[in-house]
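246 is the number that this note's numbering gives the last residue of the sequence shown; the numbers go up by one with no jumps.
The C-beta atom is built at its ideal place from N, Cα and C for all residues, glycine as well.
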Amino acid sequence: MASKTQSLPPEYEQYFLSSPEVYGIPATSPAYVLVPLHRTRIRRPRCCTLSCCAVLIPLFVLLAIFGTFSFLWPSDPDIQVVRLNIDRIKASVHPIPYMDIWMHLRLRVRNPNFVSVDYEPAVTSIAYRGRLLGFATSGKTSVDSRGVSYVEATLRFNEIRVMQDVVYYFNDDLEKGILPLDTTTEIDGTVQILLLSVPVKGKISCSIHVNMKNQTVVHEDCYPVISFDRS
16 MASKTQSLPP
26 EYEQYFLSSP
36 EVYGIPATSP
46 AYVLVPLHRT
56 RIRRPRCCTL
66 SCCAVLIPLF
76 VLLAIFGTFS
86 FLWPSDPDIQ
96 VVRLNIDRIK
106 ASVHPIPYMD
116 IWMHLRLRVR
126 NPNFVSVDYE
136 PAVTSIAYRG
146 RLLGFATSGK
156 TSVDSRGVSY
166 VEATLRFNEI
176 RVMQDVVYYF
186 NDDLEKGILP
196 LDTTTEIDGT
206 VQILLLSVPV
216 KGKISCSIHV
226 NMKNQTVVHE
236 DCYPVISFDR
246 S
């Protein structure tokens, strides 16, 4: 029995015989070339590195020395008036304008330096209306590094003559019963750093108003004074 071959309908035969087009898949494999990656090194001249080191090392040394000197450079003492008492005060315009003043001050001196400092005697002056009446000195004092010491200052002035240009204010103040006075205290010292002797100075001023009736201080204003004179 002979086999019978059945033919496909024309519309199906055309579909199976024709090869469909496939998109996205290349007909032939592309050729690739692999190039090894090498990191390019930029070689700097060795002389440039040496010159930079020769400049930076001395610069760092100078900065370290400057920082050390700035840290250890002496500072002026810090002075505060702890107590200010009027022991006696007397004023008169007859036969000439004069006054008697007995005053006691207690000062607190703080040494901010990292070495001990021997300070010279403190000098305390008193003035009326900008006119100096007199001054007194106290004993020497030595303050340890970063330490505190107290200085006693006593002023006793008898029959101090008032200057002629302030007599008018003097009479007016006596009538009011309030006498304005100014006190200034200075302390000098020297700090030794290697071969250098660096002077330090502390200064404080106080403006006070004294009640003539009960001889007490009714107003007190003390403030540090920056001095640029190191002689």
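Taking a C-beta distance under 8 Å as the contact criterion, Pro-127 and Val-213 do not qualify as a contact pair. The Cβ neighbour count for Pro-73, taken over all protein chains shown within 10 Å, is under 16; the residue is labelled exposed.
Taking the CA atoms as reference points, Glu-201 sits about 6 Å from Ala-137.
Residue state for Asn-229 is assigned as coil, using DSSP reduced to three classes. For Val-163, the closest of Leu-99, Asp-133 and Cys-68 by C-alpha to C-alpha distance is Asp-133. A residue is called buried when at least 16 other Cβ atoms come within 10 angstroms of its Cβ; Asp-187 does not meet this threshold and is exposed. Here the stretch 220-238 does not lie against the stretch 163-176, with fewer than 3 beta-carbon pairs under 8 Å apart. In this structure, the alpha-carbon of Val-158 lies about 9 Å from that of Val-130.
Within the stretch 59-137, the runs of alpha helix (DSSP H) at least 4 residues long that lie entirely inside it are, in chain order, 61-87. Note: Gly-217 is bridge-paired with Ile-202 in the DSSP secondary-structure output.
Between the C-alpha atoms of Leu-189 and Ala-106 there is a straight-line separation of about 8 Å.
A check of alpha carbon separations from Leu-87 across Leu-209, Phe-185, Met-178 and Val-96 identifies Leu-209 as the nearest.
In this structure, DSSP gives Leu-209 a state outside helix and strand, which the three-state scheme calls coil.
In terms of CA proximity to Leu-99, Val-233 leads the group Pro-110, Ile-241 and Val-233. For Val-158, the enclosing beta strand (DSSP E) stretches over residues 156-158. In the DSSP assignment, Val-182 falls within the alpha helix (DSSP H) that extends over 182-191. Sixteen is the threshold: since fewer than 16 other Cβ atoms of the shown chains lie within 10 Å of the Cβ of Cys-67, the residue is exposed. By the neighbour-count criterion, in which a residue is buried when 16 or more other Cβ atoms sit within 10 angstroms of its Cβ, Lys-155 is exposed.
If you draw a straight line from the Cα of Glu-235 to the Cα of Ala-79, it comes to about 45 Å. Note on geometry: alpha-carbon atoms of Ile-219 and Arg-146 lie some 17 Å from one another.
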